[in-house]
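Trainee:
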Amino acid sequence: MSHNTISLNKQRQPLAHLESVWLFGYGSLIYKTDFAYLDTKPACIYGWQRRFWQGSHDHRGTPQAPGRVLTLIEAPGARCAGMAYQVTPDTFEHLDHREKNGYLRVFTPLHWLHEAGEAEGIVYLATPDNAAYLGPASDSEIAAHIASSAGPSGPNSEYVLKLAQALRAMNEHDEHVFAIERELLKLL
Ligand code: SIN
Numbered sequence: 054m055s056h057n058t059i060s061l062n063k064q065r066q067p068l069a070h071l072e073s074v075w076l077f078g079y080g081s082l083i084y085k086t087d088f089a090y091l092d093t094k095p096a097c098i099y100g101w102q103r104r105f106w107q108g109s110h111d112h113r114g115t116p117q118a119p120g121r122v123l124t125l126i127e128a129p130g131a132r133c134a135g136m137a138y139q140v141t142p143d144t145f146e147h148l149d150h151r152e153k154n155g156y157l158r159v160f161t162p163l164h165w166l167h168e169a170g171e172a173e174g175i176v177y178l179a180t181p182d183n184a185a186y187l188g189p190a191s192d193s194e195i196a197a198h199i200a201s202s203a204g205p206s207g208p209n210s211e212y213v214l215k216l217a218q219a220l221r222a223m224n225e226h227d228e229h230v231f232a233i234e235r236e237l238l239k240l241l
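Quick note: the sequence shown uses our numbering, first residue 54, plus one each step.
(1) Just to check my reading of the structure: arginine 113 and serine 206 have Cβ atoms closer than 8 Å, yes? What is that Cβ distance to the nearest angstrom?
(2) Please list, following the chain, all residues that have a C-beta closer than 6 Å to any non-hydrogen atom of the ligand SIN.
(3) Within the chosen definition, does the segment 87-99 reach the segment 140-151 through at least 3 CB pairs nearer than 8 Å?
(4) From valine 213 to leucine 125, what distance separates their C-alpha atoms?
(5) Measure the alpha-carbon distance for glutamate 236 versus serine 191 and round it to whole angstroms.
(6) Helix or strand or just coil, what does DSSP make of tyrosine 99?
(7) Which runs of the beta strand (DSSP E) spanning at least 3 residues fall entirely within the segment 85-160, listed in chain order?
(8) Our contact map puts alanine 134 next to proline 95 with C-beta atoms below 8 Å; I'd like the distance itself, whole angstroms only.
(9) So glycine 155 and alanine 184 are supposed to be a Cβ contact under 8 Å. How far apart are they, rounded?
(10) With a threshold of 16 other CB atoms inside 10 Å of the CB of aspartate 92, please say whether the residue is buried or exposed.
(11) Report, in whole angstroms, the separation of the C-beta atoms of alanine 172 and tryptophan 75, which I expect to be a contact under 8 Å.
(12) Which same chain residues, not among the five before or five after proline 116, have their C-beta less than 8 Å away from its C-beta?
(13) For glutamine 218, collect the residues of the same chain with a Cβ closer than 8 Å to its Cβ; drop the 5 residues on either side in sequence, then sort them by chain order.
(14) Could you spell out the range, first to last residue, of the beta strand (DSSP E) harbouring glutamate 173?
(15) For proline 119, which residues from the same chain have a beta carbon less than 6 Å from its beta carbon, with the 5 sequence-adjacent residues on both sides left out?
(16) My output table needs one value for asparagine 57: the three-state DSSP class, helix, strand or coil.
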């Protein structure tokens, strides 16, 4: 699969017939909200965990020297907390462009963190068959890679540090994110 997913997402999942859609953010979509939304609330999804296994050619790296950003990996019993945003379907013009580097939109149940209830929502995830996928590495290798990467959106380290800060502000612990942050802070 090509690493540019804009047309694939449009084709696979038309949204124009919907009045509004919930979007779940687990990475930069938690701390960088550069789109309008109707409502937002903390939420979680089950059966998925964050991993810095996706290459970034367009935000935190370049095609010649990709950075490392998050994707979600299936993990039975896992819980991943993030932010949900209720948006109008036209917002996906911007979001598909922002998340074009290998991410496909998938519908999954979102559970609110601070109130009862759930909704179906869209999550962007990058599967191993996309051309920008990097896959697993040790925490120290991932941190070293991130410490030396940068792209049009800024240093790759900022992605990790801002996310870790945002998760702490939500009182959420993510061992993978915090382990990479610890290794990274040794190098910066
Ligand atoms: C997300 O934040 O939900 C997707 C991955 C990213 O843009 O960092």
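Where is the CB? At the ideal position from N, CA and C, for every residue including glycine.
Mentor: In terms of the structure at hand:
(1) Right, the Cβ-Cβ distance comes to about 6 Å (below 8 Å), so this counts as a contact.
(2) Gly78, Tyr79, Gly80, Ser81, Leu82, Val122, Leu123, Glu152, Tyr177
(3) They touch, by the three-pair rule.
(4) Their backbone Cα atoms lie some 15 Å apart in a straight line.
(5) 10 Å
(6) Judged by DSSP in its simplified three-state form, tyrosine 99 adopts strand.
(7) 92-109, 120-140
(8) 7 Å
(9) 7 Å
(10) exposed
(11) 5 Å
(12) His110
(13) Tyr84
(14) 171-178
(15) Gly108, Ser109, His110
(16) strand
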